[in-house]
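What follows is one structure encoded as structure tokens, with my remarks underneath.
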Amino acid sequence: MTTLPDRPLPSTASYILATFILAACAGYFLGQASSLGLFSPRPSLPAAAKSTKNPSWPNSYDVAVHPDSSDEELMTRLRGGKEGAGAGVRRVGDGEEEDGSGSGSDESEDGSEGAREERGALKSFEENEGEECKLVLVVRTDLGMGKGKIAAQCAHATLACYKHLLSSSSSSSSSSSSSSSHPSLLRRWESTGQAKIALQVPSADQLELLRARARDRGLCARVVRDAGRTQVASGSATVLGVGPGPRSVVDGVTGGLRLL
7 MTTLPDRPLP STASYILATF ILAACAGYFL GQASSLGLFS PRPSLPAAAK
57 STKNPSWPNS YDVAVHPDSS DEELMTRLRG GKEGAGAGVR RVGDGEEEDG
107 SGSGSDESED GSEGAREERG ALKSFEENEG EECKLVLVVR TDLGMGKGKI
157 AAQCAHATLA CYKHLLSSSS SSSSSSSSSS SHPSLLRRWE STGQAKIALQ
207 VPSADQLELL RARARDRGLC ARVVRDAGRT QVASGSATVL GVGPGPRSVV
257 DGVTGGLRLL
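For the sequence shown, counting from 1, position 207 maps to 213 in my numbering; every step adds exactly one.
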């Protein structure tokens, strides 16, 4: 029976090399674990800080509201402010629609008789029945309104024109049976794509001049006056809505204006 030869013991250099390799591997893995945060405890907020933290959005999304946003109620709530219950019910944004209920509305300025005269002067434009209808929104640029403010005011003007023509169509159809046989301006505007064009004027005088010119041609012309909560003074005329009406008739009023 043969015996295996005795192996020599490892030298001191071998021990040193093995120790160096083990230390390098251990240091590498410990560094990776430390970079991943496995050894650092998570900081916990005190109960007082958690209770005083401002509430986020409903689904816990941290959304930054742009300074040009016209939703003053939302921005006030995010800042931690509180509004009265009556003011919250009455709030309609930064502008007052021209429905006769706001203190800065156009109908309250003209009076009920003036409003009836204006409604009676609206034309149905039956001779332009096959023509495309559009709505023009004329924005004052001298007020320095932000993008969000302009969007809110244009929405008020669109709604004011729509509501005015809707009430005028219902009153005219109930008083005259012949007018109901022709499609209304609103129906024609809706069927042709509800075209809306935003234009600009540099002053309030030109805005009033355009409104008078539109009324002389039998078009619906509604001016939105701001409530004065943000950016502009209370009662400022911000946007003029002209139409909806036949394209050729509306262009005769606002054709020379520049796009916004």
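Even for Gly, the Cβ is constructed at its ideal location relative to N, Cα and C.
| said: Mapping the DSSP letters down to three states, classify GLY33 as helix, strand or coil. | reply: If you number the sequence shown from 1, residue 33 lands on position 27. GLY33 falls in the helix class under three-state DSSP.
| Limits of the unbroken beta strand (DSSP E) element including LEU205 | For the purposes of this step, residue 205 is identified with residue 199 of the sequence shown, where counting begins at 1. 201 to 207 is the span of the beta strand (DSSP E), which, as asked, contains LEU205.
| task | Could you name the residues of the same chain whose beta carbon sits closer than 6 Å to that of PRO208, not counting the 5 residues immediately before and after it, in chain order? | result | The residue given as residue 208 occupies position 202 in the sequence shown. Answer for PRO208: THR147, ASP148, listed in chain order.
| request: Specify the secondary structure class of THR147 as computed by DSSP and reduced to three states. | output: Within the sequence shown, residue 147 is the residue found at index 141, counting from 1. DSSP places THR147 in coil when its eight states are reduced to three.
| said: Could you check whether LEU205 and LEU266 sit closer than 8 Å to each other, using their CB atoms as the reference points? | reply: As a working mapping, residue 266 is identified with position 260 in the sequence shown. As a working mapping, residue 205 is identified with position 199 in the sequence shown. Cβ distance < 8 Å, so LEU266 and LEU205 count as in contact.
| message | Taking 8 Å as the threshold (C-beta atoms), are PRO250 and CYS160 in contact? | response | Here residue 160 corresponds to residue number 154 of the sequence shown, with the count starting at 1. Here residue 250 corresponds to residue number 244 of the sequence shown, with the count starting at 1. In this structure, PRO250 does not lie closer than 8 Å to CYS160 by Cβ.
| task | Return the chain-ordered list of same chain residues with a C-beta closer than 8 Å to the C-beta of LEU225, the five sequence neighbours on each side being excluded. | result | Locating residue 225 in the sequence shown gives position 219, where the first residue counts as 1. Around LEU225: LEU128, LYS129, VAL248, GLY249, GLY251, VAL255, VAL256, VAL259.
| request: Rounded to whole angstroms, what's the CA-CA distance from ASP222 to GLN237? Just pull it up for me. | output: On the sequence shown, residue 222 is found 216 positions in, with the first residue counted as 1. On the sequence shown, residue 237 is found 231 positions in, with the first residue counted as 1. So the alpha carbons of these two residues sit roughly 32 Å apart.
| query | Which term fits SER17, buried or exposed, when burial requires 16 or more other beta carbons within 10 angstroms of its beta carbon? | reply | Here the question's residue 17 lines up with position 11 in the sequence shown. SER17 comes out exposed.
| Just the Cα atoms here: how many angstroms apart are LYS88 and ALA157? | On the sequence shown, position 82 is the one that residue 88 refers to. On the sequence shown, position 151 is the one that residue 157 refers to. Since pLDDT at LYS88 reaches only 45, below the 50 mark, its modelled position is unreliable, and no value is offered.
| request: Measure the C-alpha to C-alpha separation of ARG253 and SER173 and round it to an integer number of angstroms. | output: Along the sequence shown, read from residue 1 onward, the residue named residue 253 stands at position 247. Along the sequence shown, read from residue 1 onward, the residue named residue 173 stands at position 167. So the alpha carbons of these two residues sit roughly 22 Å apart.
| task | Determine, using beta carbons only, whether CYS167 and ARG231 come nearer to each other than 8 Å. | result | Your numbering for residue 167 matches position 161 in the sequence shown. Your numbering for residue 231 matches position 225 in the sequence shown. No; because the gap between Cβ atoms is not below 8 Å, this pair is not in contact.
| request: From the DSSP output, in three-state form, read off ALA243 for me. | output: Your numbering for residue 243 matches position 237 in the sequence shown. Looking at ALA243 - three-state DSSP - the assignment turns out to be strand.
| task | Would you identify the three-state DSSP class for ARG253, choosing helix, strand or coil? | result | Here residue 253 refers to the residue found at position 247 of the sequence shown. ARG253: helix per DSSP, three-state reduction.
| task | Report, in whole angstroms, the separation of the C-beta atoms of GLY202 and THR244, which I expect to be a contact under 8 Å. | result | Locating residue 202 in the sequence shown gives position 196, where the first residue counts as 1. Locating residue 244 in the sequence shown gives position 238, where the first residue counts as 1. For the sequence presented, residue 202 should be read as Lys rather than Gly. Actually they do not touch by this definition, with Cβ atoms about 16 Å apart.
| said: Given this structure, state the Cα-to-Cα distance separating SER114 from LEU143, to the nearest angstrom. | reply: Residue mapping note: residue 114 aligns to position 108 of the sequence shown, counting from 1. Residue mapping note: residue 143 aligns to position 137 of the sequence shown, counting from 1. Bear in mind that a pLDDT of 34 at SER114, under 50, signals an unreliable position, so the model cannot answer this.
| task | Rounded to whole angstroms, what's the CA-CA distance from SER186 to GLY136? Just pull it up for me. | result | Numbered from 1 along the sequence shown, position 180 holds the residue referred to as residue 186. Numbered from 1 along the sequence shown, position 130 holds the residue referred to as residue 136. Confidence at SER186 is low in this model, with a pLDDT of 39, below 50, so the placement of that residue should be treated as unreliable; the coordinate-derived value is given next. Straight-line Cα distance between these residues: approximately 17 Å.
| message | Does LYS153 pass the burial test, meaning 16 or more other C-beta atoms within 10 Å, or should it be called exposed? | response | Looking up residue 153 in the sequence shown gives position 147. Looking at its Cβ environment, which holds fewer than 16 other Cβ atoms inside 10 Å, LYS153 is exposed.
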